Amino acid sequence: MAPQAPQKPVGKVMVVGAGIAGVQAALDLANAGFYVHLVEKKSAIGGVMAQLDKTFPTNDCSMCIISPKLVECGRHLNVEILTLSEVTDIKGEPGNFTVTVKQEPRYIDPAKCTGCGACTEVCPVGVPNEFNLALDQSKAIYRLYPQAIPSTFAIKKFDRAPCVRACPANLSAQGYVQLIKSRKFPEALALIMDRLPLPGTIGRICPHPCESDCRRQQMDEPVAICNLKRFVADAVDWDALPVPEIEKQEGSVAIVGSGPGGLSCAYHLAMKGYKAVIFEAAPEPGGWLRYGIPEYRLPRPVLDKEINYIKKLGVEIRCNTPIGPGLSINDLLTREGFRAVYLGVGCQDSLRIPVPGADAQGVLWGVEFLKDAASKKAPDLKGKKVIVVGGGNVAMDVARTAKRLGPAEVSIVCLETREEMPANPWEVEEAEAEGIPIVHRWGVKQIVAPGGKVTGLEMKAVERVFDEQGRFAPTYFEDRTRVENCDVVLLAIGQKANLGFLTEADAIELTPRGLIKADPVTKATSREGVFAGGDVVSGPWIAIAAVADGREAALSIDRYLR
0 MAPQAPQKPV GKVMVVGAGI AGVQAALDLA NAGFYVHLVE KKSAIGGVMA QLDKTFPTND
60 CSMCIISPKL VECGRHLNVE ILTLSEVTDI KGEPGNFTVT VKQEPRYIDP AKCTGCGACT
120 EVCPVGVPNE FNLALDQSKA IYRLYPQAIP STFAIKKFDR APCVRACPAN LSAQGYVQLI
180 KSRKFPEALA LIMDRLPLPG TIGRICPHPC ESDCRRQQMD EPVAICNLKR FVADAVDWDA
240 LPVPEIEKQE GSVAIVGSGP GGLSCAYHLA MKGYKAVIFE AAPEPGGWLR YGIPEYRLPR
300 PVLDKEINYI KKLGVEIRCN TPIGPGLSIN DLLTREGFRA VYLGVGCQDS LRIPVPGADA
360 QGVLWGVEFL KDAASKKAPD LKGKKVIVVG GGNVAMDVAR TAKRLGPAEV SIVCLETREE
420 MPANPWEVEE AEAEGIPIVH RWGVKQIVAP GGKVTGLEMK AVERVFDEQG RFAPTYFEDR
480 TRVENCDVVL LAIGQKANLG FLTEADAIEL TPRGLIKADP VTKATSREGV FAGGDVVSGP
540 WIAIAAVADG REAALSIDRY LR
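Just so you know, we're using numbering that gives the first Met the number 0 here: the sequence shown kicks off at 0 and counts up by one.
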């Protein structure tokens, strides 16, 4: 085998570890003419000698001894300091090594940081002080110790918080909770509104999956993330909120529906400088937030002030303007001059089931009942006995709304046991606290309506609700029945999308479930320039998920228009 030609030395040396030994070695090599890469895992050099400042074995002040070395190392032209770095691979041979170094981000620009420390005074997040072995706390933005070299601050970033991962909108819960703790209410609201333009609304109606994953419950109970969001939204004067100066972009976007998804999409588009126009069929904006969520859960002034702020950003809302044959999606793109369309129409109709007697006088449907109640057109229930059928959140809202209309009695009948009910546990508890009994494990056999008017509800016992695979597939004991006398039956067993406004020219593809087919990431539909999100894509779900879809669609529309 022929001998290989000797490799020319590169003239560089890497020193791994920047304690006093590493610093001295780097200085000696640098003074000998070598270019030195000094690699240190922490954010500053100095190692343990700097850490044991006042407890050095010789009873000397170790910082007085090491400081000149640190300064010389930091200023030496032949020493390049690589902090927050680790060696992951070494290849080659003496005289010619190739070293792979993994460097974690500092999150602070060294060219701009002066090391003044003003950032630590306003940082609301406290973490265990690594330099002092967690004996006290430092801020999340930190310098390892006062005399640290480099003097640039760094930010500690841990794993993504479980509450953030659990939130469909990925709100920075830990961030705004810490800001609220520091009484920085406007800053907390600004952080929330970076992703959520309806904090007071969502803070009242959200089922807060973030709290279910909160690590604090391992000690006692979850942080009240949702209530804190509501608190800060109520603590700030919305009329005094500044309207940012936004560079205008070319093009306007049509948004169909002014529910949580539509408002979110319009807000984020406006923040990017686009003209957003919302088309709403109802007399007032808000969609399901206004016409589906009862006012005792969501006071209308709260919703109104948040919508008014969105309008201040330049969003136009055209109420009493339904989309349909006279003004179709295709018309918006071809005739009206909009460059993109977002569909956020939700699931606005009740899911109907073929129940004998369902067309009788005295049978009402949950979604339509809530809309009528919100529009001050609720039916007269005074002195009547009402039975609500359903075990979800809508059924709880229907029952509690009916209770406020003066009936003689309101009760709920559902297929599930208490543990199986899809309604949130607190919704069930609040319904029971208002004196609404819940009858479990019974299903509807028929609505008793001699002469076409409701007189009772015949029920059959439930054998099981779910099959072996956990799918909803109820079975019944057909021979076990009971009849409850009543005057009104309210069926609240689900929701569905009403897509009758779509025309053939719109070219919007649907799923087998009768929902709009959209890309799960970009929210783009089969028609170029048309995007969709929220319940009309996913089926009935929570408002914060629709808000998240609206934001993602706004980002996609921005990319599309650019």
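The C-beta atom is built at its ideal place from N, Cα and C for all residues, glycine as well.
Since the structure is predicted, the reported quantities are computational estimates derived from the model, not experimental observations.
Compare the beta carbon distance of L490 and W287 with 8 Å and say whether it is the shorter of the two. Locating residue 490 in the sequence shown gives position 491, counting from the first residue. Locating residue 287 in the sequence shown gives position 288, counting from the first residue. With respect to W287, L490 sits apart: the two C-beta atoms are not nearer than 8 Å.
Output needed for M0: all residues of its chain with C-beta closer than 7 Å, excluding positions within five of it in sequence on either side, in chain order. Here residue 0 is taken as the residue at index 1 of the sequence shown, counted from 1. Confidence at M0 is low in this model, with a pLDDT of 45, below 50, so the placement of that residue should be treated as unreliable; the coordinate-derived value is given next. Cβ within range, chain order: n/a, list empty.
One or two residues paired with K452 in a DSSP bridge: For the purposes of this step, residue 452 is identified with residue 453 of the sequence shown, where counting begins at 1. For K452, which the question treats as bridged, DSSP gives the partners Q360.
Less than 8 Å between the CB atoms is what I'm expecting for G549 and H267, so what's the real figure, rounded? In the sequence shown, the residue the question calls residue 549 occupies position 550. In the sequence shown, the residue the question calls residue 267 occupies position 268. With a Cβ gap of about 7 Å, G549 and H267 count as contacting.
Three-way DSSP call (helix, strand, coil) for N95 in this model: By one-based count along the sequence shown, residue 95 stands at place 96. N95 falls in the strand class under three-state DSSP.
With 16 other CB atoms within 10 Å as the buried threshold, where does D135 fall? As a working note, residue 135 is residue 136 in the sequence shown. It is exposed - the Cβ of D135 has fewer than 16 other Cβ atoms within 10 Å.
Per DSSP, what are the beta-bridge partners of A153 in this structure? Counting from 1 along the sequence shown, the entry for residue 153 is found at position 154. Paired residue(s): Y141.
Whole angstroms is fine: what's the gap from C162's alpha carbon to D212's? As a first step, residue 162 is located in the sequence shown; it is residue number 163 there, counting from the start. As a first step, residue 212 is located in the sequence shown; it is residue number 213 there, counting from the start. Taking the CA atoms as reference points, C162 sits about 6 Å from D212.
Inter-residue spacing [alpha-carbon to alpha-carbon] between E589 and V276: Given that the chain is displayed from residue 0 to residue 561, the structure contains no residue 589 and the question cannot be resolved.
Rounded to whole angstroms, what is the Cα-Cα separation between E283 and A373? Here residue 283 is taken as the residue at index 284 of the sequence shown, counted from 1. Here residue 373 is taken as the residue at index 374 of the sequence shown, counted from 1. Approximately 11 Å, taken between the alpha carbons.
Please list the terminal residues of the continuous alpha helix (DSSP H) segment that includes W287. The count along the sequence shown starts at 1 and reaches residue 287 at position 288. The continuous alpha helix (DSSP H) containing W287 extends over residues W287 to Y290.
Measuring CB atoms only, is the region 321-336 touching the region 297-311, in the sense that at least three cross pairs come out at less than 8 Å? By the criterion of at least three beta-carbon pairs nearer than 8 Å, the region 321-336 is not in contact with the region 297-311.
How would you label V314, buried or exposed, when you count the other beta carbons within 10 angstroms and need 16 or more for buried? The residue given as residue 314 occupies position 315 in the sequence shown. By the Cβ neighbour-count rule, V314 is buried, with 16 or more other Cβ atoms within 10 Å of its own.
Whole angstroms are fine: how far does the CA of D396 sit from the CA of V461? Walking along the sequence shown from the start, residue 461 turns up at place 462. Walking along the sequence shown from the start, residue 396 turns up at place 397. Rounded to whole angstroms, V461 to D396 spans 24 Å at the Cα level.
Local conformation of M270 per DSSP, three classes: Within the sequence shown, residue 270 is the residue found at index 271, counting from 1. In this structure, M270 counts as helix in the three-state DSSP scheme.
Starting from I316 and walking both ways along the beta strand (DSSP E), at which residues does that stretch end? In the sequence shown, residue 316 corresponds to position 317, counting from 1. Per DSSP, I316 belongs to the beta strand (DSSP E) from E315 to R317.
Report the three-state DSSP secondary structure of Q494 (helix, strand or coil). Your numbering for residue 494 matches position 495 in the sequence shown. Q494 falls in the strand class under three-state DSSP.
Return the CA-CA distance between L456 and Q445, expressed in angstroms with no decimal places. By one-based count along the sequence shown, residue 456 stands at place 457. By one-based count along the sequence shown, residue 445 stands at place 446. For L456 and Q445, the distance between alpha carbons rounds to 6 Å.
Could you check if A189 belongs to the surroundings of the ligand ADP, using beta carbon to heavy atom distance under 7 Å? Among the components of this structure there are no ligands whatsoever, and the ligand ADP is therefore not found.
Go through the region 378-440 residue by residue and report every complete run of the beta strand (DSSP E) that reaches 3 residues or more, in order. Complete beta strand (DSSP E) runs here, min 3: 384-388 and 408-412.
Grab the span of the alpha helix (DSSP H) containing L331 for me, first residue to last. Reading the sequence shown from its first residue, position 332 is the one you call residue 331. L331 -> alpha helix (DSSP H) spans I328 to T333.
Quick one: what's got a C-beta closer than 7 Å to K516's C-beta in the same chain, skipping five residues either side? Within the sequence shown, residue 516 is the residue found at index 517, counting from 1. Same-chain partners within the cutoff: E508, L509, T510, T524 and S525.
Indicate whether G578 and L414 have their beta-carbon atoms separated by less than 8 Å. In the structure displayed, the chain extends from 0 to 561; residue 578 sits before or after that span and is not available.
Helix or strand or just coil, what does DSSP make of L240? Against the sequence shown, residue 240 aligns to sequence position 241. Reduced to three states, the DSSP call for L240 is coil.
Please identify the residue among L26, V86, A49 and S537 whose C-alpha is closest to the C-alpha of H75. As a working mapping, residue 75 is identified with position 76 in the sequence shown. Cα-wise, what sits closest to H75 is L26.
For V409 and V388, which I take to be in contact (beta-carbon distance under 8 Å), what is that distance rounded to the nearest angstrom? Taking the first residue of the sequence shown as position 1, residue 409 is located at position 410. Taking the first residue of the sequence shown as position 1, residue 388 is located at position 389. About 12 Å separates the CB atoms of V409 and V388; that is not less than 8 Å, and the two are not in contact.
Would you kindly work out how many angstroms separate the C-alpha atoms of D233 and P421, rounded to a whole number? Along the sequence shown, read from residue 1 onward, the residue named residue 233 stands at position 234. Along the sequence shown, read from residue 1 onward, the residue named residue 421 stands at position 422. Approximately 30 Å between the Cα atoms of the pair.
In whole angstroms, what separates the C-alpha of S61 from that of N131? Looking up residue 61 in the sequence shown gives position 62. Looking up residue 131 in the sequence shown gives position 132. Rounded to whole angstroms, S61 and N131 show a C-alpha spacing of 15 Å.
Please classify N484 as buried or exposed, where buried requires at least 16 other C-beta atoms within 10 Å of its C-beta. Counted from its first residue, the sequence shown places residue 484 at position 485. So N484 counts as exposed.
Can you check the region 181-225 for any beta strand (DSSP E) of at least 3 residues that lies completely inside it and give the ranges in chain order? Entirely contained in the region 181-225, not one beta strand (DSSP E) run reaches 3 residues.
Closest residue to L562 among R417, K381, T416 and N423 (Cα-Cα distance): Residue 562 cannot be examined here, being either before or after the span of the chain that is shown, 0 to 561.
So, with DSSP's three-state summary, where would you put Y106? Position 107 of the sequence shown, counted from the first residue, corresponds to residue 106. Here Y106 sits in coil by DSSP.
According to DSSP, is V15 part of a helix, a strand, or is it coil? As a first step, residue 15 must be located in the sequence shown, where it is residue number 16. Strand, per DSSP.
Please list the terminal residues of the continuous beta strand (DSSP E) segment that includes P127. Taking the first residue of the sequence shown as position 1, residue 127 is located at position 128. Element bounds for P127: G125 to P127.
Look up S42 in the DSSP assignment and say whether it is helix, strand or coil. By 1-based counting over the sequence shown, the position of residue 42 is 43. Looking at S42 - three-state DSSP - the assignment turns out to be coil, as it is neither helix nor strand.
Where does K90 fall in DSSP's three states? If you number the sequence shown from 1, residue 90 lands on position 91. It is a strand residue.
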